[in-house]
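Start counting the sequence shown at 535; every next residue gets the next number (this note's numbering).
Quick reminder that beta carbons are idealized off the backbone N, C-alpha and C, glycines included.
Below is one structure, written out as structure tokens; the observations come after it.
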Amino acid sequence: MYEVDMTIVGGGLVGASIAWGLARSGINPLVLDGDDLDLRASRANFGLVWVQGKGLHAPHYALWSDASAKVWPTMTKALSDDSGIDVGLRQAGAYTFALSEEELEAVREDMESIALETNGRAPHFDVLNRQQTLERVPGLGPDVVGSIYCSADGHANALRLFHALHTAMQKKGAAYRSNHRVQTIEPTTEGFILKGHGFSVISRRVVLAAGLENERLAPMVGLSCPLKCSKGQILVTEKSQTALPCLSA
Ligand SMILES: Cc1cc2nc3c(=O)[nH]c(=O)nc-3n(C[C@H](O)[C@H](O)[C@H](O)COP(=O)(O)OP(=O)(O)OC[C@H]3O[C@@H](n4cnc5c(N)ncnc54)[C@H](O)[C@@H]3O)c2cc1C
Numbered sequence: 535m536y537e538v539d540m541t542i543v544g545g546g547l548v549g550a551s552i553a554w555g556l557a558r559s560g561i562n563p564l565v566l567d568g569d570d571l572d573l574r575a576s577r578a579n580f581g582l583v584w585v586q587g588k589g590l591h592a593p594h595y596a597l598w599s600d601a602s603a604k605v606w607p608t609m610t611k612a613l614s615d616d617s618g619i620d621v622g623l624r625q626a627g628a629y630t631f632a633l634s635e636e637e638l639e640a641v642r643e644d645m646e647s648i649a650l651e652t653n654g655r656a657p658h659f660d661v662l663n664r665q666q667t668l669e670r671v672p673g674l675g676p677d678v679v680g681s682i683y684c685s686a687d688g689h690a691n692a693l694r695l696f697h698a699l700h701t702a703m704q705k706k707g708a709a710y711r712s713n714h715r716v717q718t719i720e721p722t723t724e725g726f727i728l729k730g731h732g733f734s735v736i737s738r739r740v741v742l743a744a745g746l747e748n749e750r751l752a753p754m755v756g757l758s759c760p761l762k763c764s765k766g767q768i769l770v771t772e773k774s775q776t777a778l779p780c781l782s783a
């Protein structure tokens, strides 16, 4: 049996981020990851570093989202230093477009609630009518009636971010094993015994970062992680040329 100090179950954005952070602090974790048939949000997301609309009726989450967006420039600089990969962070503000007056009103109400619930500490936003939106984002289709603009929003290149985290964590000393799906975790006095097909590991500490699989794994260590799965379909490509230029904020 393989013996380690720290094991991270799951090598998605969460597992890889934790592994990179630990490796930077001198703890070299073992990352056991699943396979390509797993449901893996980290390989198929939009890369938005988004703040507006987050934390309705959860002001701590609204402020947390804002605070974490603010540390992205420092984080991506460190990531670029460790991986050599530029993740394409852009934080020039962003728009939520509305296709009906009712939709625009509903989003405005949510944003105003967030502002109230955070005592005005959530980032400022502008409600723009169609003409104001068109002046800033020429080329919009006829169905857009207006938008909400928030200067705190931005995005990164999701595929590069994932690649950078995996590169950085391994360069810094994390050991990564793909196709190592953990089937069982057994707590013992010596540590946790993790078993899968063809391997078993004893680890003093374990981080569960297996995405939706945390629901199955958590009870094995006395935790509860109720998750609800909602399935959709997206097409993953490299980013295209800018289609809607943003002229001014
Ligand atoms: C369509 C879509 C768009 C999104 N857009 C954004 C966005 O723009 N901005 C944003 O911030 N968030 C976005 N998200 C959310 C974000 O992608 C997820 O919150 C994030 O990727 C979750 O990462 P994770 O590491 O927890 O999970 P996952 O990506 O699911 O990774 C879990 C990993 O664990 C592995 N695993 C599973 N079971 C086991 C096991 N038993 N043993 C070992 N390994 C296991 C899997 O193989 C996988 O690699 C989006 C999500 C979706 C679905």
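| said: Please give the ranges of any beta strand (DSSP E) in the stretch 549-593, keeping only runs that are unbroken, at least 3 residues long and fully inside the region. | reply: Counting only runs of 3 or more, we get 564-566.
| request: Could you say which of Leu746, Glu724, Arg711 and Pro753 lies nearest to Phe733 if we only look at CA atoms? | output: Nearest of Leu746, Glu724, Arg711 and Pro753 to Phe733, Cα basis: Arg711.
| C-alpha gap between Gly638 and Ser614, whole angstroms | In the sequence as displayed, the identity of residue 638 is Leu instead of Gly. Straight-line Cα distance between these residues: approximately 38 Å.
| message | Looking at the strands, I want to know which residues DSSP matches up with Ala708. | response | Secondary-structure assignment with DSSP links Ala708 through no beta bridge to anything.
| message | With a threshold of 8 Å on Cβ separation, who are the neighbours of Ala783 within its own chain once the five nearest residues in sequence on each side are excluded? | response | Low local confidence applies: a pLDDT of 45 at Ala783 is under 50, so the model's placement there is unreliable, with the coordinate-based value given in what follows. Within the same chain, Ala783 has close Cβ partners Ala626, Gly627, Arg670, Tyr683 and Ser685.
| said: For Ser647, report the span of its alpha helix (DSSP H) as first-last. | reply: For Ser647, the enclosing alpha helix (DSSP H) stretches over residues Glu635 to Glu651.
| message | Less than 8 Å between the beta carbons of Ala743 and Gly546, yes or no? | response | Yes. Within cutoff.
| query | Could you give the residue range of the alpha helix (DSSP H) that holds Val772? | reply | At residue 772 the sequence reads Glu, which differs from the Val that was named. For Glu772, no alpha helix (DSSP H) encloses it, and the DSSP letter there is neither H nor E.
| query | Taking 8 Å as the CB-CB limit, is Ala698 close to chain D? | reply | The chain inventory of the structure shown lacks chain D, comprising one protein chain alone.
| Contact set for Asp687: own chain, Cβ-Cβ below 8 Å, skip 5 residues either direction | Around Asp687: Leu582, Val583, Trp584, Val585, Gln586, Ala603, Gln625, Gly627 and Ala628.
| task | Could you please give the first and the last residue of the uninterrupted alpha helix (DSSP H) stretch that includes Thr667? | result | That run of the alpha helix (DSSP H) goes Arg664 to Arg670.
| task | With hydrogens ignored, establish whether the beta-carbon of Trp598 is closer than 7 Å to any heavy atom of ligand 1. | result | Answer for Trp598: no, Cβ out of range of ligand 1.
| Where does Cys729 sit, in a helix, a strand or coil, going by DSSP? | This sequence places Lys at residue 729; Cys is not what is there. Of the three classes helix, strand and coil, the one that applies to Lys729 here is strand, per DSSP.
| said: Quick test of your reading: His697 and Ile619, contact by CB under 8 Å. State the CB separation rounded to the nearest angstrom. | reply: Approximately 6 Å separates the beta-carbon atoms of His697 and Ile619; this is inside 8 Å, confirming the contact.
| field | CA nearest to the CA of Lys762, picked from Val548, Gly549 and Leu573 | value | Taking each of Val548, Gly549 and Leu573 in turn and checking the Cα distance to Lys762, the smallest one comes out for Leu573.
| Three-pair Cβ contact test at 8 Å for the stretch 656-673 versus the stretch 709-724 | No: the two stretches stay apart, fewer than three of their Cβ pairs being nearer than 8 Å.
| message | Does the distance between the C-beta of Gly568 and the nearest non-hydrogen atom of ligand 1 fall short of 7 Å? | response | Yes, the Cβ of Gly568 comes within 7 Å of a heavy atom of ligand 1.
| request: Would you mind stating whether Leu699 and Ser599 have Cβ atoms separated by less than 8 Å? | output: Taking 8 Å as the Cβ cut-off, Leu699 and Ser599 do not qualify as a contacting pair.
| query | With 16 other CB atoms within 10 Å as the buried threshold, where does Val605 fall? | reply | By the neighbour-count rule (16 or more Cβ atoms within 10 Å), Val605 is not buried but exposed.
| task | Flag this pair as yes or no: are the beta carbons of Gly707 and Asn579 separated by less than 8 Å? | result | Not a contact, by the Cβ cut-off of 8 Å.
| message | What would DSSP say about Glu784, mapped onto helix, strand or coil? | response | No answer is possible for residue 784: the residues shown for the chain start at 535 and end at 783.
| field | DSSP three-state assignment for Ala686, whether helix, strand or coil | value | Three-state result, Ala686: coil.
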